[in-house]
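Quick notes on the structure that follows.
As structure tokens, this is what we get:
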């Protein structure tokens, strides 16, 4: 990990434009990054968080906005999220970047500098976006550097895309095989790195030689002898050795992008298992080596995924939150997740719908994040469980430890009982006190029993413990 970053950072994603709109309505005056009150930054700085990702600060494109306002499919999606949609609510996609300069409507470069200083005062690092695959159709490079783009048979610039979906109509496709584009990418990333402590690189796997060639074929030209990321990241490290690089990746390319230089890569596979599968599937995922696990980003939602409160109801969401909060690697939380928002907002929109806050859920998340920040230290181990011939419910238990802390989660909609095999020497011959860090319950156990039989647990549906032994 880069200097100054914790090994397992907890990151909080803020959708900057709707967040500022909400603050403006709450305070009764326009609010930009330049004048967010200190008390609001104090609210953001939940104990246990390490970094804030201000998503979508760059200058948005008038040309991209015109496309979004004319697209019937997008308009329907906007109205599903905001039934009282007004024209000013549509501000364009933050991933349709016209220039890598903070949008003046959000406070401009000086506003971002002020926000970074406020975060730093509270011990929080700042993460910003970089979108390497595409730019807005009115980006200055379209006219200034036409050789940086993928062109179709008719000579027009292709719209941006990934290989499994139709093109995105509001952006144009950069050519990852262009030497000029690669050099320009280094300069842009260097300028971004001067303004933050970490970068989240959008759809980073699209720029690998194999995927890019598979997507664009002859339109991209000859495949270079070198990959897009490794040399670029190496040179960026020489200029900015402390900046952390996070790759949004899919399609089982996490290990590849880790090897190409990224500090962390999205763990979409774990998200899918937690959202749709069972404990056995999650346990199999966690059996991978620590060199891989330590560099994954665990999450239950972000701006691209459904809201966790809607996708993981009835206790599953809390159980999944305990899991991701206490695993090795980075953890990503999302603005509105703690309060139980259920509407996923399209990134084109400047305003959240009105939704009641779940104050009990908010208190649970705040306590969980504080506890997780305290216990995720030392050696992490995946623990085994055992049961009885007439009770296989132990198979629904997920368990791991961080030194003297044991985490157990019943990842099922029915009760589960079993014994957790504890690591560590010298359990026998002593009495042990186990304190649940989330609710304060205390359990007394014999060391001989723990050493011989393991830790007996009896958990309700979607129940959990975070137990510190002393």
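Residue numbers (our numbering): 370 to 839. Built from N, CA and C at the ideal position, the CB exists for glycine as well.
Annotation for residue 661: the continuous alpha helix (DSSP H) segment containing it runs 659-662. Rounded to the nearest whole angstrom, the C-alpha separation of residue 441 and residue 391 is 26 Å. In the three-state DSSP reduction, residue 544 falls in the coil class, being neither helix nor strand. Checking the DSSP bridge columns, you'll see residue 565 has no partner listed. With fewer than 16 other Cβ atoms from the protein chains shown falling within 10 Å of its own Cβ, residue 656 counts as exposed. Under DSSP, residue 754 takes part in a beta bridge, and its partners are 789.
In the DSSP assignment, residue 774 is bridged to 771, 837. By the criterion of at least three beta-carbon pairs nearer than 8 Å, the segment 775-790 is not in contact with the segment 697-711.
Fewer than three pairs of CB atoms, one per stretch, sit closer than 8 Å, so the segment 550-559 makes no contact with the segment 457-466. DSSP places residue 503 in the strand class (E or B) of the three-state scheme.
The segment 665-693 is shown to contain whole alpha helix (DSSP H) runs of 4 or more residues at 677-680, in chain order.
A distance of 9 Å or more separates the beta carbons of residue 618 and residue 565. The beta carbons of residue 665 and residue 635 sit closer together than 9 Å.
Residue 396 counts as exposed, since fewer than 16 other C-beta atoms from the protein chains shown sit within 10 angstroms of its C-beta. If you look at residue 390, you'll find it in the alpha helix (DSSP H) that goes 385-396. Note on geometry: alpha-carbon atoms of residue 745 and residue 452 lie some 42 Å from one another. In this chain, the alpha helix (DSSP H) harbouring residue 511 covers 510-513.
Secondary structure note for residue 521: it is in no beta strand (DSSP E), with a DSSP letter that is neither H nor E. Using a Cβ-Cβ distance cut-off of 8 Å, the segment 681-699 and the segment 370-386 are in contact, since at least three pairs of beta carbons, one from each stretch, lie closer than that value.
Three or more Cβ pairs closer than 8 Å define a contact, and the segment 487-503 meets that threshold against the segment 567-587. Minimum Cα-Cα distance from residue 633 among the listed residues 643, 646, 661 corresponds to 661. The way I'd put it, the segment 396-414 doesn't touch the segment 684-691; fewer than three beta-carbon pairs between them come closer than 8 Å.
Under the DSSP assignment, residue 804 falls outside any alpha helix (DSSP H), being part of the beta strand (DSSP E) whose first and last residues are 800-805. Judged by pairs of C-beta atoms under 8 Å, the segment 705-721 touches the segment 670-680, as three or more such pairs exist.
Here residue 503 is buried, its C-beta having at least 16 other C-beta atoms within 10 Å. Excluding sequence positions up to five before and after residue 416, its CB lies within less than 8 Å of the CB of 735, 738, 739, 742, all in the same chain and listed in chain order. For the set 643, 423, 790, 386, the Cα lying nearest the Cα of residue 770 is the one of 790. Residue 635 is bridged by DSSP to 666. Residue 465 has no beta-bridge partner at all, per DSSP. Looking from the CA of residue 525, the closest CA among 540, 535, 532, 760 belongs to 540. Collapsing the DSSP output to three states places residue 409 in a helix.
Per DSSP, the continuous alpha helix (DSSP H) segment holding residue 821 begins and ends at 816-822. A contact between stretches requires three or more CB pairs, one per stretch, nearer than 8 Å, and the segment 750-758 fails this requirement with the segment 421-434. Under the DSSP assignment, residue 703 falls outside any alpha helix (DSSP H), being part of the beta strand (DSSP E) whose first and last residues are 699-703. For residue 740, the enclosing alpha helix (DSSP H) has its first and last residue at 728-744.
In this structure, the beta-carbon distance from residue 591 to residue 548 does not fall below 9 Å.
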